Amino acid sequence: MYGRARHLARLIVATVTLLAVATAAVAALEHPVGVANASSVYLVAVVLCALLVGTDGAVATAVGSAGVYNYLFTEPRYTFAIHDPDVLLSVVLLLFVGIVVGRLAAMQRRRAETARASELEARALFGVSRLLATRDSTPHALSQIASVLLDQAGLERAWVAVGSDPAAEVIVADTGGGDAPATPARLRVLQRTPGDQPARWLRVQRPGTPTGRGPARQDTYRVRIEASGEQVGSIWALRDRERGQPDRAETRLLAAAADQIGQAITHDRVADQSRAADVARQSDALKSALLQSVSHDLRTPLATIRAAAGSLRPGVPLSEEDRHASADAIEREVAYLNRLVTNLLDLSRIEAGALRAQRDVFDLDDVLARALDSIGPRLGERRLETDLRASAVEVDPVFLDEAVSNVLDNALKHTPNGAHIRMTARNLPDDFVRVTVEDDGAGVPDAALSRLFEKFYRVPGRTERTRAGTGIGLAVVRGLVQAMGGRVAARRSDLGGLAVDLDLPARSVPADLEPAVGVAAGKGG
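If you count the sequence shown from 1, position 323 lands on 323 in this note's numbering, and the numbers rise without skipping.
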């Protein structure tokens with residue numbers, strides 16, 4: 001109603017204004033200038049009115065032009081009677097030519113408007129497609145799409161809700177602030193039609209609600225979002241009642257946007273399901289790897305403890321030296337089991353993100369003393385050289401002790417008796433202290449260096465002289481060092497074997513500290 005009244009007002013204003021201007025021009029041409037018949041000036045008014053308000057304006061201007069020219073400029077004046085056949089022919093031709101030219105101009109205007117509307121529709125659809133195709137986040141893309149629909153479909157508010165039922169939908173994008181307005185008793189729902197037939201807007205009454213028209217001056221519109229025949233959400237919109245229903249271009253834009261959003265939501269769900277399946281498969285694989293590693297790593301020490309404990313039973317003929325050896329074996333295997341359980345617990349804390357370092361400043365040689373003392377009895381014929389020059393680090397002493405113990409334990413596992421193990425420390429220019437543990441063992445292939453700190457990773461084709469590791473020791477080292485703000489890496493050692501670098505946050509060193517340099521050796525070292 002409001003749109004028609006506005007169009008009628010524009011038509012009247014344009015027609016009256018152009019007729020007045022054309023009449024003034026005709027009067028000026030015929031009287032002061034002396035032109036015998038200046039009625040063709042009215043054709044300009046007809047064409048202009050056609051371009052401004054369309055065919056209706058062109059016809060009204062043509063009829064008005066014929067009447068005004070006959071009334072004001074033909075004899076007898078100030079009457080609509082026509083006595084001269086030539087004048088009658090001129091008026092009829094003016095009316096005919098004016099109507100024809102006006103309709104042609106109006107048709108051209110409609111074609112231009114249609115082309116412009118098609119271009120805007122194509123741009124809007126391309127924008128919607130591009131937003132969904134290049135999206136990093138679907139909710140963010142939907143917010144931008146809602147803004148596009150607001151601008152291009154003549155809406156006052158638009159929002160996108162996801163859910164299989166209107167009552168259970170959750171809003172994921174909204175161009176308005178605050179909560180979405182309550183769904184009115186009556187709303188317009190887009191009904192899709194088969195084939196190429198245009199969709200239609202149907203007014204529906206929600207069951208169980210009193211009749212009403214929703215928010216003042218606004219109608220509520222809903223476009224169902226469907227995918228594979230199932231409803232996945234809705235596009236909701238508020239539109240000024242006086243604008244009327246969305247036209248065909250606006251309706252096509254809303255329908256196409258709903259279709260593309262449906263495909264995007266379905267794609268996200270499939271991707272989420274795929275990721276969940278991948279996570280489940282990886283979790284099963286990790287559980288299997290953990291079970292295999294732990295069960296294999298528990299069997300040997302338990303068998304050793306059982307045999308040693310059996311030999312210590314009363315009545316078993318053993319020399320004192322053999323009894324000490326059995327007790328040492330039990331103590332050694334229990335310590336190994338303790339390290340294994342500690343690593344498993346640390347790994348679970350690392351995976352859960354529950355590892356929190358309690359950092360403080362320590363002298364490096366002091367904080368590593370415990371790890372060096374504990375490794376001494378297990379060196380065997382190996383020689384451990386230390387060169388921990390005066391350095392202060394900001395670390396968690398418990399985390400650092402466990403990390404260095406794991407690195408040293410890894411060196412013991414993969415080097416034979418008589419091997420040379422070296423631990424050194426040096427200051428780096430980027431406010432870190434590098435602690436390096438290296439050996440002259442067989443080392444690992446270059447391709448395996450970057451994977452040594454992965455969970456359950458074992459170097460392929462490697463022959464162990466003692467027992468197979470669980471593949472979690474160095475993974476725990478990485479988690480502990482990173483929790484302290486440090487970094488860890490593996491490389492080939494200058495000694496010929498493997499070198500593991502632990503970079504720890506450095507602090508200023510007091511001037512009175514002396515270097516701590518020493519060599520520890522096992523029996524026979």
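The beta-carbon is built from N, C-alpha and C at its ideal position, and this holds for glycine as well.
Computed from a predicted model, the values in this text were never measured in an experiment.
C-alpha distance - residue 78 paired with residue 240, whole-angstrom precision: The residue you call residue 78 lines up with position 78 of the sequence shown. The residue you call residue 240 lines up with position 240 of the sequence shown. Between residue 78 and residue 240, the C-alpha separation is close to 47 Å.
For residue 591, which option in 400, 232, 226, 242 has the closest C-alpha, if you only look at C-alpha atoms? Nothing in the structure corresponds to residue 591, since the chain is present only between 1 and 525.
For residue 41, report the span of its alpha helix (DSSP H) as first-last. Position 41 of the sequence shown, counting from 1, holds the residue named residue 41. Here the alpha helix (DSSP H) through residue 41 covers 41-53.
Under 7 Å between the Cβ atoms of residue 312 and residue 326? Here the question's residue 312 lines up with position 312 in the sequence shown. Here the question's residue 326 lines up with position 326 in the sequence shown. Against a cut-off of 7 Å, the Cβ pair of residue 326 and residue 312 comes out as a contact.
Taking only runs that begin and end inside the segment 408-470, name each unbroken beta strand (DSSP E) of 3 or more residues, in chain order. Those beta strand (DSSP E) runs which fall completely within the segment 408-470 and span 3+ residues are 420-428, 432-439.
I'd like to know whether the C-beta of residue 75 is nearer than 7 Å to at least one C-beta of chain D. In the displayed structure, chain D is absent; only one protein chain is listed.
Beta-carbon proximity list for residue 506, same chain, < 8 Å, skipping 5 on both sides: The count along the sequence shown starts at 1 and reaches residue 506 at position 506. So the qualifying residues of the chain are 391, 392, 393, 394, 427, 428, 431, 432, 433.
Closest to residue 223 by CA distance: which of 259, 249, 377, 244 is it? Along the sequence shown, one-based indexing puts residue 223 at 223. Considering only alpha carbons, the answer is 259.
Helix, strand or coil for residue 71? Go by DSSP, reduced to three states. In the sequence shown, counting from the first residue as 1, residue 71 sits at position 71. Helix.
Does DSSP classify residue 156 as helix, strand or coil? As a position in the sequence shown, residue 156 is number 156, starting the count at 1. For residue 156, the secondary structure class from DSSP, reduced to helix, strand or coil, is coil.
For residue 64, the three-state DSSP class (helix, strand or coil): By 1-based counting over the sequence shown, the position of residue 64 is 64. Residue 64: helix per DSSP, three-state reduction.
Three or more C-beta pairs under 8 Å: does that hold for the segment 436-447 against the segment 488-498? Taking 8 Å as the limit for Cβ pairs, the verdict is that the segment 488-498 does touch the segment 436-447.
Assuming the contact rule is C-beta atoms closer than 8 Å, residue 201 and residue 152 should be a hit. Round their C-beta distance to whole Å, please. Along the sequence shown, one-based indexing puts residue 201 at 201. Along the sequence shown, one-based indexing puts residue 152 at 152. Wrong, their Cβ atoms sit about 17 Å apart, outside the cutoff.
Inter-residue spacing [alpha-carbon to alpha-carbon] between residue 214 and residue 189: Counted from its first residue, the sequence shown places residue 214 at position 214. Counted from its first residue, the sequence shown places residue 189 at position 189. Note that residue 214 scores a pLDDT of 49, beneath 50, so its modelled location is shaky; the value from the coordinates is reported in the next line. So the two alpha carbons sit approximately 14 Å from each other.
DSSP three-state label for residue 18, please. The residue given as residue 18 occupies position 18 in the sequence shown. Residue 18 falls in the helix class under three-state DSSP.
With H, G and I counted as helix, E and B as strand and the rest as coil, what does DSSP make of residue 165? Here residue 165 refers to the residue found at position 165 of the sequence shown. Here residue 165 sits in coil by DSSP.
Could you compute how far the alpha carbon of residue 138 sits from the alpha carbon of residue 268? Looking up residue 138 in the sequence shown gives position 138. Looking up residue 268 in the sequence shown gives position 268. Computed Cα separation, rounded: 8 Å.
Would you tell me roughly how many angstroms separate the C-alpha atoms of residue 80 and residue 117, rounded to the nearest one? Walking along the sequence shown from the start, residue 80 turns up at place 80. Walking along the sequence shown from the start, residue 117 turns up at place 117. Rounded to whole angstroms, residue 80 to residue 117 spans 43 Å at the Cα level.
Below 8 Å CB to CB, which residues in the same chain sit around residue 45 once its five sequence neighbours on both sides are set aside? As a position in the sequence shown, residue 45 is number 45, starting the count at 1. Cβ neighbours of residue 45 beyond the five flanking positions: 18, 19, 21, 22, 61, 65.
With respect to the alpha helix (DSSP H) encompassing residue 374, which residues constitute its N-terminal and C-terminal limits? Here the question's residue 374 lines up with position 374 in the sequence shown. That run of the alpha helix (DSSP H) goes 369-375.
What are the boundary residues of the alpha helix (DSSP H) that includes residue 474? Against the sequence shown, residue 474 aligns to sequence position 474. From DSSP, the alpha helix (DSSP H) with residue 474 extends over 473-483.
Buried versus exposed call for residue 405 [16 or more other C-beta atoms within 10 Å across all chains shown]: Mapped onto the sequence shown, residue 405 falls at position 405. Buried, because 16 or more other Cβ atoms sit within 10 Å of the Cβ of residue 405.
Among the candidates 492, 481, 491, whose CA atom is the shortest distance from the CA of residue 503? As a working mapping, residue 503 is identified with position 503 in the sequence shown. Nearest option by C-alpha distance: 481.
Taking the C-alpha atoms as reference points, what is the distance between residue 436 and residue 329? Within the sequence shown, numbered from 1, the residue matching residue 436 stands at position 436. Within the sequence shown, numbered from 1, the residue matching residue 329 stands at position 329. Approximately 30 Å between the Cα atoms of the pair.
Under 8 Å, with one C-beta from each stretch per pair, do the segment 7-15 and the segment 36-43 reach the 3-pair mark? no
Residue 76 burial status per 10 Å Cβ neighbour count (16 or more: buried): On the sequence shown, residue 76 is found 76 positions in, with the first residue counted as 1. Looking at its Cβ environment, which holds fewer than 16 other Cβ atoms inside 10 Å, residue 76 is exposed.
If you pair each beta-carbon of the segment 180-187 with each one of the segment 261-280, do three or more pairs fall below 8 Å? no
What does the Cβ neighbour count give for residue 360, buried or exposed, with the cut at 16 atoms within 10 Å? Numbered from 1 along the sequence shown, position 360 holds the residue referred to as residue 360. By the 16-neighbour rule on beta-carbons within 10 angstroms, residue 360 is exposed.
Mind checking who residue 235 pairs with in its DSSP beta bridge? Locating residue 235 in the sequence shown gives position 235, where the first residue counts as 1. In DSSP, residue 235 forms a bridge with 160, 223.
Rounded C-alpha distance that separates residue 490 from residue 449: Here residue 490 is taken as the residue at index 490 of the sequence shown, counted from 1. Here residue 449 is taken as the residue at index 449 of the sequence shown, counted from 1. Approximately 6 Å, taken between the alpha carbons.
Please name the residue or residues paired with residue 171 in a DSSP beta bridge. Looking up residue 171 in the sequence shown gives position 171. Looking at the DSSP assignment, residue 171 forms a beta bridge with 161.
With DSSP as the reference, identify every bridge partner of residue 499, one or two as the case may be. Here the question's residue 499 lines up with position 499 in the sequence shown. Bridge partners of residue 499: 438, 491.
At what residues does the beta strand (DSSP E) containing residue 361 begin and finish? Here residue 361 is taken as the residue at index 361 of the sequence shown, counted from 1. Residue 361 -> beta strand (DSSP E) spans 360-363.
Just curious, the beta strand (DSSP E) that residue 188 is in, first and last residue? Counting from 1 along the sequence shown, the entry for residue 188 is found at position 188. Start and end: 186-191.
Cβ-based neighbour list, residue 105, same chain, cut-off 6 Å, excluding 5 preceding and 5 following: Here residue 105 is taken as the residue at index 105 of the sequence shown, counted from 1. Non-local C-beta neighbours of residue 105 in its own chain, meaning closer than 6 Å and more than five positions away in sequence, comprise 47, 50, 51, ordered along the chain.
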